[in-house]
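In the working numbering, the protein residues as written are 212 to 508.
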Amino acid sequence: MAKATNPRAIKRKIRSVSNLKKITKAMEMVSAAKLRRAQEALAAVRPYADQLGRLMGRLQGQASATEVDAPLLAPRTVRRRAAMVVVTADKGLCGSYNTNLLRLADRTVREIGLPVTLYTVGRKARDHFAKRGESSREHWEGLPPNVGFRQVREITTGLVSAYLQEEVDEVWVLYTEYVNAITFRPRAVRFLPFEAGSEDEGESAEGGEGGGQWIFEPDPATIFAQLIPRVIEVRFYRLLLEALASEHGARMQAMRNATDNAQELIDTLTLTFNKARQAAITKELLDIIGGAEGLKG
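Put into structure tokens, the structure is as follows:
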């Protein structure tokens, strides 16, 4: 207790917390800058992905089922194994961002009810499953802030290949949906077999913009089959950007909370320091007065 009320010790504690506050404030500012870049990239890709989804819905609506020859469309009648892509961050210090997503991953594995082949994006996902003795078939980390199509194509090519070769019968992607700078939702979406117009991307051919039948050259079925790989890449690119924006938003929020908490602690310690200093001064005055009274006596 004596140490807790020692003004010098309190002063050192205030200095230490102040230095920590500077670090968290700097990290908050860095995360805010990265978040702005991620928001811009996400805002640029969302309209493109939405319109592409609507186009695929219209193409599928105008092409008869017998015309469309797309193995990625047909659900498997017998489900033996699923693939699951888990997208987390490489680092921590982002609040419950990783924890919430990994909790959803554990729940999704139970709900799928099939043997699962794991694909992980982000060091936190790999480490989480490694602790349980589960290894990832493929793992990616250190994705740049401006995720490029090279990384996206590398990932989606492996997923599509596994599905077409019937190594897996469905593919799930778990990521964190970006709502705004303080709201993020962990989501599990079925990525394959492909569903045109999924992910809230759009309308059916009957309800699409402009109504009526569109004229396609070549025929809708051919265009549909040729566009599927591109749409899969765009969808996955969008999911990665959603996760990236959510990560930076969560880290910015966590660092802001840490900065605010540090300031509250500084205020409390400063009050304690002032009280301790006042008590020390009062004690010295009492000692002086006591000594003077003793000399008089």
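Heads up, the beta-carbon is just placed ideally off N, CA and C, and yes, glycines get one too. No experiment lies behind these values; they were computed from the predicted model shown.
Query: Looking at the structure shown, is F340 part of a helix, part of a strand, or coil, going by DSSP?; Result: helix
Query: Given a cut-off of 8 Å, decide if T470 and K222 are closer than it, judged by their beta-carbon atoms.; Result: no
Query: Which word fits R348, buried or exposed, when buried means at least 16 other C-beta atoms lie within 10 angstroms of its C-beta?; Result: exposed
Query: If you run the structure through DSSP and keep just helix, strand and coil, what is L385?; Result: strand
Query: Taking only three categories from DSSP, how would you classify A397?; Result: The amino acid occupying residue 397 in the given sequence is Pro; Ala does not appear at that position. Strand at P397.
Query: Cα separation between A436 and Y330?; Result: 26 Å
Query: Below 8 Å between beta carbons: does that hold for Y308 and A316?; Result: no
Query: What separation, rounded to the nearest whole angstrom, lies between the Cα atoms of Y448 and V379?; Result: 21 Å
Query: For a test of the three-state rule: what should DSSP assign to E377, helix, strand or coil?; Result: coil
Query: Less than 8 Å between the C-beta atoms of M238 and L385, yes or no?; Result: no
Query: K302 and H459: beta carbons closer than 8 Å?; Result: no
Query: Considering only residues of the same chain and omitting the five flanking positions on each side of L452, which have a CB-CB separation below 7 Å?; Result: A249, A252, L253, V256 and V358
Query: Suppose you measure from the CA of R517 to the CA of Q424; what does that come to, to the nearest Å?; Result: Because the chain spans 212 through 508 in this model, residue 517 falls outside it and cannot be assessed.
Query: Classify R321: buried if its beta carbon has 16 or more other beta carbons within 10 angstroms, exposed otherwise.; Result: exposed
Query: Quick one: Cα of S415 to Cα of D261, how far?; Result: Low confidence applies here, because S415 scores a pLDDT of 43, under 50, leaving its location unreliable; read the following figure in that light. One C-alpha to the other measures close to 12 Å.
Query: State the Cα-Cα distance for the pair W351 and A456, rounded to the nearest angstrom.; Result: 18 Å
Query: Please state whether DSSP places T310 in a helix, a strand or coil.; Result: helix
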